[in-house]
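Residue numbers 55 to 305, in this note's numbering, belong to the letters of the sequence shown in order.
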Amino acid sequence: MGYNTEAEFMAIFLALFVILIMGVILKHALRNKTEAVRHIPLMVVGAFILLFEVTKQTYHLVNHNWNTWHVPLHFCSYFLVWYGVALFTRGKIRQIMYSCSLVGGILVSLLLCIAPDMILHNATTDIFGSFDHFHTYFYHMAVMAYWIWMLMLNVYHPQRQHLITTIILHGIFFFVTIIGAHVFQTNYTNVLHSDISIMETLRYNAGQFAYTIVLALVGVLAVSIVASSIYYITKKLYKQNLNKEKITIEK
55 MGYNTEAEFM AIFLALFVIL IMGVILKHAL RNKTEAVRHI PLMVVGAFIL LFEVTKQTYH
115 LVNHNWNTWH VPLHFCSYFL VWYGVALFTR GKIRQIMYSC SLVGGILVSL LLCIAPDMIL
175 HNATTDIFGS FDHFHTYFYH MAVMAYWIWM LMLNVYHPQR QHLITTIILH GIFFFVTIIG
235 AHVFQTNYTN VLHSDISIME TLRYNAGQFA YTIVLALVGV LAVSIVASSI YYITKKLYKQ
295 NLNKEKITIE K
């Protein structure tokens, strides 16, 4: 837990600073544009993420060093689905994908702040030293930018049904991850063993099945808490923005 080096701390928070500055610029530049236009920055990030992943898979295949770790069954791989579907859909489906992206993005961002090694591993030691370091770092910074800009551009419209749908979709994908981890014998999302000592102790003492159940429950609880918090906070902010717009129009 925590930051191992000052460089690791700076790499994450410098990126966050840049993301926020760019978000402010985008918000100011697009404040009078239609919602369709305000979606464009997220579409660009979504397309970047998908192309970046294709590049990663191609790179390792061409260099003959592809292995099962590169199968997109990690928690952070879920964003390929959320962003990809959001990129090619509109309306209700896009909004559900935004909800999934927002919940997952906040969880990843929290881990980046309190336990960066779990997400970035050793990528920040030399970001441009290898393709894997480069990909790991910028992929996760793009994940962080996506949800922050989504809120700043006011393109996500919270609805109560998003709560259940988001929890269910994350649960389904985690179930697929559990199956994949055992089939490929690869530790996606800490399914086979944990980086957290207390969880690893649980696995050792209670067994793999009990550990998996607890891990799934912790994941569902985390998603549920974040999804519920997002709904009530964004719903309130969204109503405030609507009221401001109505007052402006009436004046």
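Every residue gets a Cβ at the ideal spot worked out from N, C-alpha and C, and that includes glycine.
Hey, could you find the ends of the alpha helix (DSSP H) residue i is sitting in?
i	result
R148	145-168
I75	60-83
If you measure between the beta carbons of residue i and residue j, is that distance less than 8 angstroms?
i	j	result
A65	I181	yes
Y210	T288	yes
V99	A177	no
V72	F133	no
H189	L174	no
V272	L256	no
F227	A270	no
L127	T231	yes
T243	F106	no
M151	D249	no
Y113	F192	no
Y137	S163	no
V135	F238	no
S131	I221	no
P170	E62	yes
H216	Q149	yes
Y285	R214	yes
Rounded to whole angstroms, how far is the Cβ of residue i from the Cβ of residue j, which I believe are closer than 8 angstroms?
i	j	result
M206	K290	16 angstroms between Cβ atoms; not a contact.
T240	W120	The Cβ separation is near 12 angstroms, so there is no contact.
L161	A276	6 angstroms
A281	V157	5 angstroms
L141	A101	6 angstroms
L246	A264	Contact flag wrong, Cβ pair sits at about 14 angstroms.
R92	L84	5 angstroms
With a threshold of 7 angstroms (Cβ to nearest heavy atom), would residue i be considered close to the ligand MG?
i	result
L104	Questions concerning the ligand MG fall outside what the structure shown contains, since it holds no ligand whatsoever.
*Whole runs of the alpha helix (DSSP H) within the region 207-294, excluding any shorter than 4 residues*: 214-238, 251-260
*What are the start and end residues of each continuous beta strand (DSSP E) run of 3 or more residues lying completely inside the region 85-138, in chain order?*
none
*asked:* Quick check on the DSSP output: what are the complete alpha helix (DSSP H) runs of length 4 or more inside the region 184-209, in order along the chain?
replied: 185-206
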